[in-house]
Amino acid sequence: MKPLISLVTPLFNEEENVNEFYERAKKILEKIGTHEIIFVNDGSRDKTLEKTLEIADKDKSVKIIDFSRNFGHQTAITAGMDNSQGEAVVIMDGDLQDTPETIPELVKKWKEGYEVVYAKRRSRKDTLFKRVTAYIFYRTIKKVAQIDITEDTGDFCLLDRKIIGTLKGIREHSRFVRGLTSWVGFKKAVVLFNREERKRGNTNYSLRKMMKFAYDGITSFSYFPLKMATYLGALSAFLGFLWGIYAIYQRIYHSETTVPGWATLAVAVFFLGGIQLIVLGIIGEYIGRIYTEVQNRPLYIIRQKINFD
1 MKPLISLVTP LFNEEENVNE FYERAKKILE KIGTHEIIFV NDGSRDKTLE
51 KTLEIADKDK SVKIIDFSRN FGHQTAITAG MDNSQGEAVV IMDGDLQDTP
101 ETIPELVKKW KEGYEVVYAK RRSRKDTLFK RVTAYIFYRT IKKVAQIDIT
151 EDTGDFCLLD RKIIGTLKGI REHSRFVRGL TSWVGFKKAV VLFNREERKR
201 GNTNYSLRKM MKFAYDGITS FSYFPLKMAT YLGALSAFLG FLWGIYAIYQ
251 RIYHSETTVP GWATLAVAVF FLGGIQLIVL GIIGEYIGRI YTEVQNRPLY
301 IIRQKINFD
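Terminal number for the sequence shown in the working numbering: 309, no gaps in between.
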């Protein structure tokens, strides 16, 4: 019999949290009904895999997908969804900042007929830097992207089986799951919860990874960077036109004071050169994404699967 609920949890170096996460999630899921817990080990370098194997050995409803290497958080979520069987799939991280106790509220909304249920953060106990950057990110992507993404949400959500089936057909490599769940449409609802601070372990999202994640989100659903390159080109051309008029004016009416300006010329060259490099870089990013897609490599490689029939 297929489970009612599948819980998909990507793990990367979460050995300090995985046992408590399992205990809290299992307690909640047992009250809801039939279920499965899918841990996706995303190339952890600590004892995360060993701890999940111990759990899976005692509880056959716990299933493990072990990647051959680290493929990334969004890809790990995708692998969990691909291998899930539940009528509804709950996605949440294993660091306990997203609380398992919120799951029943997501399921309640789903049973009311909603096909996508987001867990929206009423409050969050992250650092000031993380809160500010998250605020900027959500407002920016909502302005420039071609999707209506729900503000102050993460990957913590519930998806109906229809959504999972749809997402299985979307195999792009630059994955932004929360953007995809917004893009596919369907009936959506929101549940508020208080996001906890990380009690153990270190965050796996460095500044570099956060910037890449934000850039992936914007470029996956928007042509804004390309439009910005066009605007920069138009602006530089306009400034050059104004500078040309000024130079002609100086030459005609103040020729006696006009001195060849090598410094000005150098500034103009560097300014235009900088804009050209920015534009080339933006175009290169999009071309690089096209190159990655046409290589047709698999999204992930699984080393082993545990407790799957």
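Yeah, the Cβ is synthetic: ideal placement off N, Cα and C, and Gly gets one too.
Please read these numbers as outputs of a predicted model, since none were measured by experiment.
Under a Cβ-count criterion, where at least 16 other Cβ atoms within 10 Å of its own Cβ denotes burial, should S68 be classed as buried or exposed?
exposed
Within 7 Å, strictly: CB atoms of G43 and L4:
no
R121 bridges to which residues according to DSSP?
F193
Could you check the C-alpha separation between N13 and I275 for me, to the nearest Å?
41 Å
So what does DSSP say about F12, is it helix, strand or coil?
coil
How is the beta strand (DSSP E) around T150 delimited, first residue to last?
Run containing T150: none; DSSP gives neither H nor E here.
Take E285 and list the residues in its own chain whose beta-carbon comes closer than 6 Å to its own, dropping the five residues that flank it on each side.
none
What is the rounded straight-line gap between the Cα of I38 and the Cα of I278?
42 Å
For a test of the three-state rule: what should DSSP assign to L4, helix, strand or coil?
coil
Using 7 Å as the threshold, is the C-beta distance between F308 and K63 below it?
yes
Among A189, G288, I170 and L235, nearest to T153 - alpha-carbon criterion:
A189
Nearest-angstrom Cα distance between I147 and I245?
43 Å
Determine the direct distance from the alpha carbon of K120 to that of E101, and round the result to whole angstroms.
14 Å
Unbroken alpha helix (DSSP H) run spanning I103, endpoints:
I103 to K111
Roughly how far, in whole angstroms, is the beta-carbon of V8 from the beta-carbon of I91, given that I think they are within contact range, below 8 Å?
5 Å
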